[in-house]
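Peer 1: Chains as they are written, first to last, in the numbering used here: chain A, 1 to 263; chain B, 264 to 589.
Think of the CB as a built atom: it goes at the ideal place given N, C-alpha and C, for glycine as much as any other residue.
Dumping the structure here so I can ask a few things about it.
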């Protein structure tokens, strides 16, 4: 089983260990946290020096954001053609198909729409089998989607380690599983932005920030949630360290290890 | 610029059109689907009150609307469906097509591919669940046959304008009223309606739960961050309660930009509420046709909002709050 290290900033490179064969670097949730060209160069050099594969992780992006992603893709393809790019925005996939045939697209976990809300576990015993089957499965098993992904050179898809279990027969696709943090939801109306500036307290919207997400995390607990939710930056996660039973037989060929919440 | 309104009941169709709706959208949740999938909705609204329940009702809705040359769009916009559901979905599409719905609103790439394969007559509208945040994503969907894109709520007016400037040959739609979802619809994996209203904590959307908030700080506690975060969490719980979130001021900007249609959220709202929302926004669209300045329009929009809904304008209930604070 291949293992990849997923970090969002160069000062987390110290998490690297011998068991890793690939470095994931970037951000899935916020274009403001895209790496600078210097940070990307540092990560690329580190991967190269350690004989590791490299995957640039990209978020959903606005018009301005996709131009920044394009510049990063230029840098990756120049320094390390054949690298993977985890896309979480179909616009980025289109851009890759048109301009970057020498980079390998990987379908990010945000585009796999399986439900992650932990509350499901409070009622799952009372649901019909058909409903449970729905929540353990995804559109990735639909042949039309698999054909589309093949046509777009997507051979790998990324999954979260959801609480209700995964039952995906994905023949022909490589599967990665993210451990231990699963994302649940994300926003651009970031509650963490300026969260320590009193005059901004009611300004919930798309406003400037000072990367307070790098400083604060918030726990959200409720009697109806079987696990604590963690708000980090603009995204809510939960932690699940238990690997799914028989995960290797389910086609999972790569574990993507997140030593810290990827924000 | 068209005004798009929800409709859930046949008897609503005529009054909504008379009030000023230019386009209608609706859902259809049959007993067959509901019994099998309950919280696994066919269209993001698992409750029957937000949907027609038979094809006959849909047929009647479409007939009335078409007699006024008003188009009807049908939602098939759950974020994903599994292969086992496809026989039902194919039949659903065929019947909707034969009834003559003008477009299907979809969020799942697989359904978009299916519609292309089936050569459905209905046009394809990409739901906000399609998360088209940039012009490349718009073109991605356009190449697959979409004729309209509903842009995500989580874009500023400037960001919307920059998308419009880089696409052509496709209609863009934006939100202007109700349900300012705090999370990005297409990337939110919480469930809607895990139980009926008798089980409140399961019925409510998860973003609306009264969480206990704790703060972890990397380099020492800060009381200000804790206090603000708890307050913001409480506002967050409200943001989806439909305390009349509004983007009416932005109608002026959208008209300038060239947005094709503006959307009122509200499948499941009472008829009187739908009518009020349409009349409020129709009056502002009529005002736009008289060519007011931006300042005049903003001032009138705010005044009419406050008069109609008996609430002040609030940043956290404003769809495009830059109109308030920039």
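Can you find the residues in the same chain that come closer than 7 Å, C-beta to C-beta, to residue 296/B, ignoring five residues on each side of it along the sequence?
Peer 2: Cβ contact annotation for residue 296/B (same chain, cutoff 7 Å, sequence separation greater than five): 305, 351, in chain order.
Peer 1: Measure how close the beta-carbons of residue 220/A and residue 586/B come, nearest whole angstrom, since I'm counting them as under 8 Å.
Peer 2: Contact flag wrong, Cβ pair sits at about 30 Å.
Peer 1: Can you pull the chain A neighbours of residue 303/B, defined as C-beta to C-beta under 7 Å?
Peer 2: 131, 134, 135, listed in chain order.
Peer 1: For residue 168/A and residue 388/B, I'd like the C-alpha separation in whole angstroms.
Peer 2: 29 Å
Peer 1: Using CA atoms only, rank isn't needed, just tell me which of 312/B, 337/B, 416/B is closest to residue 186/A.
Peer 2: 416/B
Peer 1: Is the CB-CB distance between residue 60/A and residue 89/A below 7 Å?
Peer 2: yes
Peer 1: Residue 18/A and residue 55/A: beta carbons closer than 7 Å?
Peer 2: no
Peer 1: Going by C-alpha to C-alpha distance, which of 141/A, 52/A, 129/A, 250/A sits closest to residue 372/B?
Peer 2: Closest by alpha carbon: 141/A.
Peer 1: How do the stretch 363 to 381 of chain B and the stretch 414 to 431 of chain B stand: do at least 3 beta-carbon pairs fall below 8 Å, yes or no?
Peer 2: no
Peer 1: Would the stretch 430 to 448 of chain B count as touching the stretch 183 to 199 of chain A if we require 3 or more Cβ pairs under 8 Å?
Peer 2: yes
Peer 1: Shortest alpha-carbon distance to residue 433/B belongs to which of 452/B, 406/B, 420/B?
Peer 2: 406/B
Peer 1: Any residues in the stretch 327 to 357 of chain B with a beta carbon nearer than 9 Å to a beta carbon of chain A? Which ones, in chain order?
Peer 2: For chain A, the residues of the stretch 327 to 357 of chain B that bring a beta carbon within less than 9 Å of one of its beta carbons are 341, 342, 343, 344, 345, 346, 347, 348, 349, in chain order.
Peer 1: Please identify, using Cβ separations under 7 Å, the residues of the stretch 145 to 166 of chain A that lie next to chain B, in order along the chain.
Peer 2: 145, 148
Peer 1: Between which two residues does the beta strand (DSSP E) carrying residue 524/B extend?
Peer 2: First-last of the beta strand (DSSP E) with residue 524/B: 524 to 527.
Peer 1: Indicate whether the contact test is met: 3 or more Cβ pairs, each with one atom in the stretch 196 to 204 of chain A and one in the stretch 452 to 466 of chain B, closer than 8 Å.
Peer 2: no
Peer 1: Measuring straight from C-alpha to C-alpha, what distance separates residue 246/A and residue 165/A?
Peer 2: Their Cα atoms are separated by approximately 11 Å.
Peer 1: Does residue 533/B pass the burial test, meaning 16 or more other C-beta atoms within 10 Å, or should it be called exposed?
Peer 2: exposed
Peer 1: Rank 155/A, 112/A, 148/A by C-alpha distance to the C-alpha of residue 103/A and give the top, closest one.
Peer 2: 155/A
Peer 1: Between 345/B, 450/B, 506/B, 267/B, which has its C-alpha nearest residue 569/B's C-alpha?
Peer 2: 506/B
Peer 1: Once the 5 residues before and after residue 217/A are set aside, which same chain residues still bring their CB inside 8 Å of it?
Peer 2: 230, 231, 232, 261
Peer 1: Could you tell me the alpha carbon to alpha carbon distance between residue 157/A and residue 310/B, rounded to whole angstroms?
Peer 2: 32 Å
Peer 1: At a Cβ threshold of 7 Å, is residue 487/B touching chain A?
Peer 2: yes
Peer 1: Is there a Cβ of chain A sitting closer than 7 Å to that of residue 299/B, yes or no?
Peer 2: yes
Peer 1: Does DSSP put residue 3/A in a helix, a strand or coil?
Peer 2: DSSP places residue 3/A within a strand segment (E or B) once states are collapsed to three.
Peer 1: Can at least three beta-carbon pairs, one atom from the stretch 275 to 282 of chain B and one from the stretch 536 to 547 of chain B, be found at a separation below 8 Å?
Peer 2: Yes, since at least three Cβ pairs between the stretch 275 to 282 of chain B and the stretch 536 to 547 of chain B fall closer than 8 Å, the two stretches touch.
Peer 1: So, do the stretch 284 to 294 of chain B and the stretch 237 to 245 of chain A have three or more beta carbon pairs nearer to each other than 8 Å?
Peer 2: no
Peer 1: Pull the bridge partners of residue 411/B from the DSSP assignment, please.
Peer 2: 388/B, 434/B
Peer 1: Counting along the chain, where does the beta strand (DSSP E) carrying residue 288/B start and finish?
Peer 2: 286 to 289
Peer 1: Is residue 22/A helix, strand or coil when you go by DSSP?
Peer 2: Correct three-state label for residue 22/A: strand.
Peer 1: Name the residues in the stretch 101 to 116 of chain A whose C-beta lies less than 9 Å from a C-beta of chain B; which are they?
Peer 2: 110, 111, 112, 113, 114, 115, 116
Peer 1: Who are residue 254/A's beta bridge partners in DSSP?
Peer 2: 2/A, 176/A
Peer 1: So with Cβ pairs under 7 Å, would you call residue 286/A a contact of chain B?
Peer 2: There is no way to answer for residue 286/A, as the model of chain A reaches only from 1 to 263.
Peer 1: In whole angstroms, what separates the C-alpha of residue 197/A from that of residue 215/A?
Peer 2: 14 Å
Peer 1: Could you give the distance in angstroms between the alpha-carbon of residue 489/B and the alpha-carbon of residue 327/B?
Peer 2: If you take the alpha carbons of residue 489/B and residue 327/B, they lie about 54 Å apart.
Peer 1: Quick one: give me the first and last residue of the beta strand (DSSP E) that residue 231/A is part of.
Peer 2: Run containing residue 231/A: 229 to 232, per the beta strand (DSSP E) assignment.
Peer 1: Counting only beta-carbon separations shorter than 7 Å, does residue 196/A have a partner in chain B?
Peer 2: At least one chain B Cβ lies under 7 Å of residue 196/A.
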